[in-house]
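> Residue numbers (this note's numbering): 14 to 606. Please read through the structure below; I'll follow up with questions.
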C-alpha cells in the first residue's frame, strides 16, 4: 500500500467518524505536497464540504486533528485553504523502509496475465542501422522491460523489411556499379556495403531524372520514366514471380545485411523473441486483400490496383495492392497483425515506429476494423519523435546518416576521453578499464536518448551525454559504483548491514526512503504512458538525492554501530533500486569506477 493509499484510507475513516458519511478511500484525492509547503502528502478537502457543511479550513483542521489523535503514523498537519498538508512520522517511514529493504522483488508489479507484443527495430535490408534506428531499438527494448515490470507477458518482435522496391534499388545498383564487390573483398560490414549500393542508386536515378527534364519532361514525368526506377519495379515483379536469378541475388545481399545487423544488435544489447520477415508474411496480406474484395471493403480499379476508400472516415483512399500485383507496406502489416493476434492470443500489440508513420497506423487500425477484427482497438502506435544532430536531419538515400556502429564506437571514445580527463578510472587495470569504457559509453548513449519523452523530437549531442555530473547515464553509473565502494569498505572492516527498527530515520534519510517508496508507482505510471523517460528521470532524482545525503551524512565515519549498520542497509537499497530502474533502460551499472 502506497502512502497515498494509506492516507486515503485513514482519511475515509476520519470522515465517517466525524461526519457519519461513507466515502470510499478511492474517491479521495491524496497527492504529494508541493515543495513550497510543509508536509509529505496533501488531502484535497473541497469535495468533502458537502458532508462537513463547514468551511474548507475548518473541515481540513477537523480531519487533521482526528488523524493526529488516532493514527500514530501521522505526526502533524497544516491547512492551506482547501488543502490539508500531512506530515508522516518517523515511525511510518521506518515501517516503509523495512518493507522496501526486505522485499527482493520490490518494484515488480503483480502479474496481469496479459500478453503484449512489442514490435520494434523492423529495419529495411537496404542500409545499415543508424541513429534513428538506435532510438527505435532502445525505446522498443526499454518499453518491453517496462511492461514486464508491470506484470505483463511480453513478446519482443521485429518484422524485417527484406523485400520491396527499396531492396531492388540496392540490388540494381550493385549490378550496375559494384563489379561483384562483397563484404570480404571490400573489408566492409555487409549492411554498410548494401547501404552504399542504395546511395549509389539514388545518384543514378537523380542523374536520369535530370537528363529527362532537360529533354522537356516535367519533374513528375521524369521521376516515373527514369530507366532505373522502372528497372527496380520490374525486378520486384520478377522477385514476386520467384525469378531464380533475382532471388539468388536478393538472398546473397540480404545475408550480408543480416550478419551486419546481428553485430550491431549485440553491441547495443538488443534481442528479440520473434523475428518475422516481410518476404514470408506479405502473402498473408494478399489473402486479406482478396477477402476484402469479396466483402466489399476493397475495390479494384481498371488498372488492376486495389484500394480501400476511407474518405467517409475523414481520411483518403488507400492503395493496398499495386496494379502489377505487388504488395505495399500496409498489405503485409494487415496480414502480419492478423496472424500475430491469432497465434499469440494477444491482448495488445505495440508498434514502436516514428511519428512520420502516424497516418499509416491510423489507416491500419481502421482497415482492420472494417475487415471485422475487433482486436484492432488493441493496436497501439508508440509514435516517437525523430533524432536530430547539431548539423540537422539525416537522409539515408543521400548518405548523410550517422551509422549506429560509428556512433557506438564514438561513444566508447568519448567515455575514454571523459574518464581519462576526470581521473575517475585511475588505478583500474587496463582490461577492466576497456570494459568500463564500453559500459559507460553505451550507458551514456542509452540514457541520453531514453530520458527524453518518446513523443519529443530530440537533439543528440555525444559530448553532453557523457558528462559525469549532469542528468546522464555516467552520473548514475558513478553513483552506483560509489555506493558499492562504501559497502566493500564496510565489509572489509567487518561491518554488517543490518536493519534496526528501533532507530529513527533523520530528515535526510526519510527523503531517501520516501523516494525509494515511490518506485513501484513510478513503474506503473511509466508503463501506462509507455515512457521509459519517467524511469530514467526517477533514477537521476534518486542518484542525486543519495549524493546529497552522502555529502551531508557520515556513513563509515558513524560511531554508533547500529546506526552505521542501518545506513548501510539504506544505501544498499538505493543501489538495488538504481539497478532495477536502469535495467529497464538496458543500462548496466558498474561496481567499480
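C-beta atoms are modelled at their ideal positions from N, C-alpha and C, and glycine is treated no differently.
With burial defined as no fewer than 16 other Cβ atoms inside 10 Å of the residue's Cβ, what is the status of residue 21: buried or exposed?
buried
> Tell me where the beta strand (DSSP E) around residue 320 begins and ends.
Run containing residue 320: 319 to 322, per the beta strand (DSSP E) assignment.
> I think residue 90 touches residue 104, with their Cβ atoms under 8 angstroms apart; what is that distance to the nearest whole Å?
Not confirmed; about 16 angstroms, so no contact.
> With a CB to CB cut of under 8 angstroms and the five nearest residues on each side skipped, what residues in its chain are close to residue 129?
160, 165, 166, 167, 168, 359, 360, 361, 362 and 363
> Using the beta-carbon count (16 or more within 10 Å), is residue 327 buried or exposed?
So residue 327 ends up on the exposed side.
> Do the stretch 85 to 99 and the stretch 54 to 74 meet, that is, are 3 or more Cβ pairs less than 8 angstroms apart?
yes
> Is residue 394 buried or exposed, if buried means 16 or more other CB atoms sit within 10 Å of its CB?
buried
> Once DSSP output is grouped into helix, strand and coil, what is the label at residue 100?
Strand at residue 100.
> What does the Cβ neighbour count give for residue 429, buried or exposed, with the cut at 16 atoms within 10 Å?
buried
> In chain order, what residues of the same chain lie with their CB nearer than 7 angstroms to the CB of residue 267, ignoring the 5 residues before and after it?
If we look at residue 267 and ignore the five residues flanking it on each side, its Cβ neighbours are 138 and 175.
> Kindly indicate which three-state DSSP category residue 550 falls into: helix, strand or coil?
helix
> Can you tell me whether residue 19 is helix, strand or coil according to DSSP?
helix
> Could you give the distance in angstroms between the alpha-carbon of residue 415 and the alpha-carbon of residue 85?
59 angstroms
> Below 7 angstroms CB to CB, which residues in the same chain sit around residue 450 once its five sequence neighbours on both sides are set aside?
425, 428, 429 and 432
> If you run the structure through DSSP and keep just helix, strand and coil, what is residue 409?
With a pLDDT of 43 at residue 409, under the threshold of 50, the predicted position of this residue should be treated as unreliable, though the coordinate-derived value follows. Coil at residue 409, not helix or strand.
> Pick from 170, 478, 434 and 435: whose alpha carbon is nearest that of residue 454?
The option with the nearest alpha carbon to residue 454 is 478.
> DSSP three-state call for residue 380: helix, strand or coil?
helix
> Taking the CB atoms as reference points, tell me whether residue 282 and residue 486 lie closer together than 9 angstroms.
no
> What separation, rounded to the nearest whole angstrom, lies between the Cα atoms of residue 259 and residue 181?
9 angstroms
> Whole angstroms is fine: what's the gap from residue 484's alpha carbon to residue 553's?
6 angstroms
> With residue 420 and residue 351 assumed to form a contact (beta carbons below 8 angstroms), what rounded beta-carbon distance in angstroms separates them?
Not quite, the Cβ-Cβ distance comes to about 37 angstroms (not below 8 angstroms), so this is no contact.
> Hey, could you find the ends of the alpha helix (DSSP H) residue 528 is sitting in?
520 to 530
> Have a look at 263, 560, 246 and 345 and flag the residue whose alpha-carbon is nearest the alpha-carbon of residue 291.
345
> What do you get for residue 200, buried or exposed, if any count of 16 or more other CB atoms within 10 angstroms of its CB means buried?
exposed
> To the nearest angstrom, how far is the alpha carbon of residue 19 from that of residue 44?
Taking the straight line joining both Cα atoms gives about 12 angstroms.
> Should residue 54 be labelled buried (16 or more other beta-carbon atoms within 10 Å of its own) or exposed?
Looking at its Cβ environment, which holds 16 or more other Cβ atoms inside 10 Å, residue 54 is buried.
> Look at the alpha carbon of residue 410 and the alpha carbon of residue 447, and state the distance between them as a whole number of angstroms.
Because the pLDDT of residue 410 is 43, which lies under 50, any placement of that residue in the model is unreliable, and the number read from its coordinates should be weighed accordingly. The straight-line gap from Cα to Cα measures roughly 35 angstroms.
> Below 8 angstroms on the Cβ atoms is my guess for residue 7 versus residue 583; work out the distance and round it to an integer in Å.
Absent from the structure is residue 7, since the part of the chain shown begins at 14 and ends at 606.
> On a CA-only basis, which of 263, 204 and 112 is nearest residue 143? Give me that one, please.
204
> How would you write the range of the beta strand (DSSP E) that residue 330 sits in, first residue to last?
330 to 334
> Are there 16 or more other CB atoms within 10 angstroms of the CB of residue 50, so buried, or fewer, so exposed?
exposed
> Ignore the nearest five residues each way along the sequence and tell me which others in residue 179's own chain have a CB closer than 7 angstroms to its CB.
A distance below 7 angstroms between beta-carbons, with the five flanking residues on each side excluded, links residue 179 to the following residues of its chain, in chain order: 137 and 139.
> With respect to the beta strand (DSSP E) encompassing residue 395, which residues constitute its N-terminal and C-terminal limits?
392 to 397
> Going by DSSP in three states, residue 305 sits in which element: helix, strand or coil?
Reduced to three states, the DSSP call for residue 305 is helix.
> Go ahead and pull the three-state DSSP assignment for residue 168.
strand
> Mind pulling the alpha helix (DSSP H) runs of 4 or more residues that sit fully within the stretch 463 to 496?
475 to 478
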